[in-house]
């Protein structure tokens with residue numbers, strides 16, 4: 060039997076409680092042995108076998124810890140990942156990878172120098188709606204794509220006092236938070252854009268950081284439109300695709316986050332199987348035959364991320380999320396900031 064990957068969580072906030080903890084818990088190849096909680100003991104209820112520590116040094120100085128999950132506020136991603144890699148640990152970093160492209164490049168180089176695996180938790184590649192759209196595009200169900208529109212909207216018409224996501228600059232608000240998911244999905248589907256146009260805004264009274272974005276990633280023959288707002292009380296379609304032969308519209312967001320928040324675990328039978336009333340509508344023509352009807356949503360499962368990571372660590376398999384891909388996401392987000400500042404479309408020239 061292969062050695063279990065002893066794992067440490069660098070924090071136990073929302074991402075540790077909802078995403079990383081549960082998906083590791085159902086994977087027999089990992090064991091959470093240490094959790095950093097500076098003042099509380101919240102993790103003791105669900106992870107009684109793990110030791111709660113009060114400092115990050117207690118994690119990186121532990122020779123038994125093989126994997127560190129840096130799921131802390133964005134500002135700490137670079138420094139904490141660097142320390143873990145230097146200590147010889149494999150690392151999972153929460154999105155966004157880093158604050159800057161330069162930081163991402165340094166971490167990638169450090170991982171190579173230390174022969175360690177570095178990956179970023181771009182879990183929305185495992186959303187049901189994204190997997191369904193990817194399948195439709197690969198099948199050519201819409202003909203030649205002419206427009207792609209994706210939304211990640213919320214309704215939160217107040218400022219959460221004392222929350223780190225509500226203070227700072229463009230790299231703290233919704234652009235780096237939710238935009239990192241949408242941009243990553245588009246890069247997976249279509250690769251590098253030719254150019255970027257972006258508008259950012261802080262619409263909520265007293266807001267310091269962007270709570271709205273409208274991004275246009277320009278490709279040959281079509282644009283990918285990415286939008287997010289904290290002031291959407293009545294959401295429209297989550298995804299809209301138009302092509303030369305048809306259209307696809309999908310309402311409703313992947314339910315895994317809600318299910319995990321309820322305390323459910325992603326090893327349930329029929330996990331994330333979406334009710335038929337939420338399936339997307341496809342209206343298209345295939346080989347001269349018109350079709351209009353529902354398309355079953357492909358169930359996604361976040362636990363695939365750690366299944367892949369185990370295979371990469373123990374058997375050298377290809378990573379689901381390569382750090383170079385997440386560095387490219389940061390480059391696009393930085394292009395968005397520059398486009399918004401200059402109020403114009405700018406060419407995208409990745410490093």
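Numbering (my numbering), first residue to last: 60 to 410. Quick reminder that beta carbons are idealized off the backbone N, C-alpha and C, glycines included.
Residue burial classification, residue i (beta-carbon count within 10 angstroms, cutoff 16)
i, result
"residue 156", "buried"
"residue 73", "exposed"
"residue 264", "exposed"
"residue 214", "exposed"
"residue 187", "buried"
"residue 410", "exposed"
"residue 180", "buried"
"residue 232", "buried"
"residue 403", "exposed"
"residue 359", "buried"
"residue 307", "buried"
"residue 377", "exposed"
"residue 222", "exposed"
"residue 314", "buried"
"residue 325", "buried"
"residue 60", "exposed"
Residue i, DSSP secondary structure in three states
i, result
"residue 117", "helix"
"residue 178", "strand"
"residue 85", "coil"
"residue 214", "strand"
"residue 393", "helix"
"residue 195", "helix"
"residue 167", "helix"
"residue 379", "coil"
"residue 368", "helix"
"residue 324", "coil"
"residue 157", "coil"
"residue 60", "coil"
"residue 223", "helix"
"residue 329", "coil"
"residue 146", "coil"
"residue 314", "coil"
"residue 137", "helix"
C-beta neighbour in chain C for residue i, strict 9 Å
i, result
"residue 125", "Protein chains in the displayed structure number just one, and chain C is not present."
Cross-strand partners of residue i (DSSP beta bridge)
i, result
"residue 342", "306 and 351"
"residue 67", "93 and 127"
"residue 209", "285 and 298"
"residue 50", "Past the boundaries of the shown model lies residue 50; the chain is included only from 60 to 410, so the question cannot be answered."
"residue 111", "94"
"residue 405", "255"
"residue 204", "302"
Reference residue i, options the options, closest by Cα
i, options, result
"residue 261", "287, 275, 181 and 317", "287"
"residue 250", "259, 340 and 278", "278"
"residue 400", "228, 101, 199 and 276", "228"
"residue 296", "342, 209 and 232", "209"
"residue 323", "118, 77 and 243", "77"
"residue 337", "93, 309 and 70", "309"
"residue 252", "408, 382 and 61", "408"
"residue 392", "135, 269 and 281", "269"
"residue 266", "289, 247 and 237", "289"
"residue 331", "276, 135, 161 and 190", "190"
"residue 328", "207, 141, 85 and 62", "85"
"residue 247", "65, 68, 387 and 100", "387"
"residue 177", "165, 281 and 185", "165"
"residue 66", "149, 126, 298 and 148", "126"
"residue 366", "349, 138 and 88", "88"
"residue 342", "311, 121, 364 and 199", "199"
Legend entry - Unbroken stretches of the alpha helix (DSSP H), 4 residues or longer, contained in the stretch 227-303: 233-236 and 238-249
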